[in-house]
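*Asks:* So in my numbering, spot 43 of the sequence shown is number 50, and the numbers just go up one at a time.
Each residue gets a CB set at the ideal place from its N, CA and C atoms; glycine is no exception.
Quick caveat: nothing in here was measured; it's all calculated off a predicted structure.
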Amino acid sequence: MKVENDEVVGIRIKIPSEHRRDTYHYVTVGLYGFKCTCEACTIRKVVCKHVIVALSMWHLIMIVKYGRELNLEKIKWLRRDGNFKEVERSL
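Here's what the structure looks like:
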């Protein structure tokens, strides 16, 4: 978890693989981009379920630790148009 000015600005988590034993996916999400080591994210270049889980964890940490919700307006790559190629390798 990366904290700046009393606010979480990024999070990194380790998620066990559903299909492979002894395999984990490492997910990083932050204000300017995301990265996951799963095949969906690295090969097909899609926002995977691991990134969604990390966003949910980030939101919960903000609520529990700081008493406020995650400001989605600050997350530049999280747009409705789905275009994240410009930030796909920023982390």
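Helix, strand or coil for Y31? Go by DSSP, reduced to three states.
*Replies:* It is a strand residue.
*Asks:* Return helix, strand or coil for I68, following the three-state DSSP convention.
*Replies:* Looking at I68 - three-state DSSP - the assignment turns out to be helix.
*Asks:* Mind the definition here: the region 32-51 touches the region 67-80 only if three or more C-beta pairs lie below 8 Å; say whether that holds.
*Replies:* Touching, no, given that fewer than three Cβ pairs across the two stretches are closer than 8 Å.
*Asks:* How close, in whole Å, do the beta carbons of I59 and M8 come, if the pair is a contact with beta carbons under 8 Å?
*Replies:* That pair is no contact at about 18 Å.
*Asks:* Please state whether DSSP places E95 in a helix, a strand or coil.
*Replies:* Only weak support exists for where E95 lies, its pLDDT of 47 falling under 50; the value from the coordinates is given anyway. Coil at E95, not helix or strand.
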